[in-house]
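Numbering (our numbering), first residue to last: 803 to 960.
What follows is a single structure, written as structure tokens, with notes after it.
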């Protein structure tokens with residue numbers, strides 16, 4: 803181990819002892835500060851709110867709420883609930899994909915394709931539905947990855 807690693811480890815241990823907080827709490831806080839900074843950077847570039855504003859089904863919002871509940875359970879160290887919620891995020895993301903695909907293809911009428919004036923609304927419906935499908939999958943997958951990361955990194959019961 804390098805000298806710098808020992809100094810940093812000693813500093814963190816002293817900080818933990820002075821503050822009287824557990825190693826779990828320290829890791830939990832540091833990880834969520836990193837998450838908040840990443841989310842803030844995405845927000846500054848206008849990326850963070852896109853999945854939520856573009857989704858009329860509110861599936862992405864529901865997945866986001868489940869993700870926050872999962873973070874709450876991880877703070878309470880309820881690891882079975884965290885693992886279950888992480889799996890549900892993937893499930894709801896895939897369900898949103900199916901709903902988005904249904905919305906995308908429900909706007910396409912094969913009999914109306916021959917009329918050029920009807921094609922633009924059909925393309926619009928396709929793009930909108932595919933957007934919902936991809937955004938719900940993205941939100942569910944990112945939530946799953948984060949909760950699984952917390953579960954594996956912070957869970958002492960392994």
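Here a beta-carbon is modelled for each residue, glycine too, at the ideal position from N, C-alpha and C.
Note that the coordinates shown come from a computational prediction; the quantities given were computed from them, not determined experimentally.
Does the count of Cβ pairs from the stretch 927 to 935 and the stretch 902 to 910 closer than 8 Å reach three? Yes, they touch.
Buried or exposed for residue 878, going by 16 or more other Cβ atoms inside 10 Å? As a working mapping, residue 878 is identified with position 76 in the chain shown. It is exposed - the Cβ of residue 878 has fewer than 16 other Cβ atoms within 10 Å.
Can you name the start and end residues of the alpha helix (DSSP H) that residue 930 belongs to? Taking the first residue of the chain shown as position 1, residue 930 is located at position 128. Annotation for residue 930: the continuous alpha helix (DSSP H) segment containing it runs 918 to 956.
Let me know the secondary structure DSSP gives residue 754 once reduced to three states. In the structure displayed, the chain extends from 803 to 960; residue 754 sits before or after that span and is not available.
Within a Cβ cutoff of 7 Å, which residues of the same chain sit near residue 921, ignoring the five residues on either side of it in sequence? Counting from one through the chain shown, the residue named residue 921 turns up at place 119. Hits under 7 Å: 915.
Measuring alpha carbon to alpha carbon, tell me which of 835, 866 and 828 ends up nearest residue 944. Against the chain shown, residue 944 aligns to sequence position 142. That would be 866, whose Cα lies nearest to the Cα of residue 944.
Just how far apart, CA to CA, sit residue 894 and residue 858? Counting from 1 along the chain shown, the entry for residue 894 is found at position 92. Counting from 1 along the chain shown, the entry for residue 858 is found at position 56. One alpha carbon belongs to residue 894, the other to residue 858, and they sit about 15 Å apart.
Leaving out the 5 sequence neighbours to the left and right, which residues in its chain are closer than 8 Å to residue 890 when beta-carbon positions are compared? Along the chain shown, read from residue 1 onward, the residue named residue 890 stands at position 88. Within the same chain, residue 890 has close Cβ partners 868.
When you compare only the Cα positions, how much space is there between residue 937 and residue 902? For the purposes of this step, residue 937 is taken as residue 135 along the chain shown, with counting starting at 1. For the purposes of this step, residue 902 is taken as residue 100 along the chain shown, with counting starting at 1. Taking the straight line from one Cα to the other gives about 9 Å.
Cα-Cα separation, residue 843 to residue 942: Here residue 843 refers to the residue found at position 41 when the chain shown is read from its first residue. Here residue 942 refers to the residue found at position 140 when the chain shown is read from its first residue. If you take the alpha carbons of residue 843 and residue 942, they lie about 20 Å apart.
Rounded to the nearest angstrom, what separates residue 888 and residue 955 at their Cα positions? Against the chain shown, residue 888 aligns to sequence position 86. Against the chain shown, residue 955 aligns to sequence position 153. Between residue 888 and residue 955, the C-alpha separation is close to 14 Å.
What does the alpha-carbon distance come out to for the pair residue 925 and residue 882? One-based indexing of the chain shown puts residue 925 at position 123. One-based indexing of the chain shown puts residue 882 at position 80. Their backbone Cα atoms lie some 43 Å apart in a straight line.
Should residue 923 be labelled buried (16 or more other beta-carbon atoms within 10 Å of its own) or exposed? As a working note, residue 923 is residue 121 in the chain shown. It counts as exposed.
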